[in-house]
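Residue numbers (this note's numbering): 22 to 261. Ideal placement from N, C-alpha and C gives every residue a C-beta, glycine not left out. Bear in mind that the values here come from a model prediction, so they are computed numbers and not experimental data.
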Amino acid sequence: MAGHSKWANIQHRKSRQDERKGKAFGKLIKEITIAAKLGGEDITTNPRLRLAVEKAKEANLPKDKVKDAINRGCGLLQGVTYEEIRYEGYGAGGVAFLIDCLTDNRSRTVAEIRHAFTKNKGNLGTEGSVAYLFDHCCQFFLNESKEKEEDLLELLIDKGVSEVVPLQDKGIELIGDADAYAEIKESLLINGYKIEFAEVIMLAKSEITVSDDDSLKIRKLKNALESLDDVQNVFTNAEI
Numbered sequence: 022m023a024g025h026s027k028w029a030n031i032q033h034r035k036s037r038q039d040e041r042k043g044k045a046f047g048k049l050i051k052e053i054t055i056a057a058k059l060g061g062e063d064i065t066t067n068p069r070l071r072l073a074v075e076k077a078k079e080a081n082l083p084k085d086k087v088k089d090a091i092n093r094g095c096g097l098l099q100g101v102t103y104e105e106i107r108y109e110g111y112g113a114g115g116v117a118f119l120i121d122c123l124t125d126n127r128s129r130t131v132a133e134i135r136h137a138f139t140k141n142k143g144n145l146g147t148e149g150s151v152a153y154l155f156d157h158c159c160q161f162f163l164n165e166s167k168e169k170e171e172d173l174l175e176l177l178i179d180k181g182v183s184e185v186v187p188l189q190d191k192g193i194e195l196i197g198d199a200d201a202y203a204e205i206k207e208s209l210l211i212n213g214y215k216i217e218f219a220e221v222i223m224l225a226k227s228e229i230t231v232s233d234d235d236s237l238k239i240r241k242l243k244n245a246l247e248s249l250d251d252v253q254n255v256f257t258n259a260e261i
């Protein structure tokens, strides 16, 4: 797209993330529950649970709800049983979509996902149709000058960071192992760096540039998917 700015896109994503915090309690509870179920209740040995609890604190999810979700995941409390499902598909311009869901009703979820794709000129794909286009990693954006690149690389090279990329327009992007998210974040904060955006994501190996018209369709589809209660995360390889 003309006028594309990665930093502007980062700020947009951060704004969307902040916007969702106030209404994301249900999704956070699901994530805490499944993380505790899969990895146990100890956040020191369960990085996924540690990240989920961290997000819950940032969103001001009450501590008793966090505790109940952990206990439910560990089988100490009765409640709804969730399963993880990943859907794959295509939007306008052949853009790939990955949708991570936590659901207690697989039939309901797939029907809602398919409806969102159909309504927004997309197509639900088969398992493995687009997943190979993405890497599981953590991503950080810092509002730092390009001169900090070598300092950051030296600080984080043994912490799981694989790339330190100065952006053309502004700031620095860090890419690292998904499991190293907590250690990288802690190192940045201890050393006085301000983190503009941080997340564990499925990062596109390469991005597709799309037209303004397709960009609008892609945004509508992404918003429709993110609005569904069973959807936890939506990733695309569109450069928008």
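Where residue i sits in the DSSP three-state scheme
| i | result |
| --- | --- |
| glutamate 228 | coil |
| glutamate 260 | strand |
| glycine 43 | A caution first: glycine 43 carries a pLDDT of 49, below 50, which makes its placement in the model unreliable, though a value can still be read off. DSSP places glycine 43 in coil when its eight states are reduced to three. |
| alanine 80 | coil |
| tyrosine 111 | strand |
| aspartate 233 | helix |
| asparagine 19 | In the structure as shown, the chain starts at 22 and stops at 261, and residue 19 therefore has no counterpart that could be examined. |
| glycine 60 | helix |
| valine 87 | helix |
| aspartate 190 | coil |
| valine 221 | strand |
| serine 208 | helix |
| leucine 195 | strand |
| valine 74 | helix |
Among the options, nearest to residue i - alpha-carbon criterion
| i | options | result |
| --- | --- | --- |
| glutamate 165 | Ser150, Ile55, Val185 and Ile178 | Val185 |
| leucine 188 | Ile178, Glu175, Glu168 and Tyr202 | Glu168 |
| glutamate 262 | Ile239, Ile205, Ala45 and Ser248 | One cannot answer for residue 262 here, as it falls past the ends of the chain, which runs 22 to 261. |
| lysine 142 | Asp179, Asn30, Asp251 and Ala245 | Ala245 |
| glycine 61 | Ile91, Ser227, Ser150 and Gly47 | Ile91 |
| asparagine 258 | Leu242, Leu249 and Lys226 | Lys226 |
| glycine 121 | Asp233, Glu260 and Ser248 | Sequence inspection shows aspartate at residue 121; the glycine mentioned does not correspond to that position. That would be Ser248, whose Cα lies nearest to the Cα of aspartate 121. |
| alanine 152 | Asn30, Lys27, Leu242 and Val255 | Val255 |
| threonine 124 | Leu154, Gly47 and Gly149 | Gly47 |
| glutamine 253 | Asn144, Val221, Ile261 and Ile193 | Val221 |
| asparagine 212 | Leu242, Glu175 and Asp200 | Glu175 |
| leucine 154 | Glu217, Ala132 and Ile229 | Ile229 |
| isoleucine 193 | Glu170, Leu82 and Thr147 | Glu170 |
| isoleucine 134 | Ile261, Asp250 and Glu260 | Asp250 |
| proline 68 | Ala132, Asp200, Glu105 and Ser183 | Asp200 |
| lysine 243 | Asn144, Ala73, Arg71 and Lys86 | Asn144 |
| leucine 210 | Phe161, Asp179 and Ser183 | Phe161 |
Inter-residue CB distance, residue i and residue j (contact presumed, cutoff 8 Å)
| i | j | result |
| --- | --- | --- |
| lysine 76 | leucine 49 | 6 Å |
| glycine 181 | aspartate 156 | That belief does not hold up - the Cβ atoms of glycine 181 and aspartate 156 are roughly 13 Å apart, past 8 Å. |
| leucine 302 | isoleucine 196 | Beyond the ends of the chain as shown, which are 22 and 261, falls residue 302; an answer cannot be given. |
| valine 231 | valine 116 | 6 Å |
| arginine 129 | leucine 119 | Between leucine 119 and arginine 129 the Cβ distance is about 20 Å, and since that is not below 8 Å, they are no contact. |
| tyrosine 202 | cysteine 159 | 4 Å |
| leucine 163 | isoleucine 205 | Actually they do not touch by this definition, with Cβ atoms about 11 Å apart. |
| aspartate 190 | tryptophan 28 | 5 Å |
| cysteine 95 | alanine 56 | Their Cβ separation, rounded to whole angstroms, is 10 Å, which puts cysteine 95 and alanine 56 out of contact at 8 Å. |
| isoleucine 31 | glutamate 217 | 7 Å |
Evaluate the contact criterion for the region 126-145 versus the region 105-116: three or more CB pairs, one atom per stretch, below 8 Å.
-> yes
Length at least 4, wholly inside the region 116-172: the alpha helix (DSSP H) runs in chain order = 127-140
Inter-stretch contact at 8 Å, needing at least 3 Cβ pairs: the region 49-58 / the region 231-240 = no
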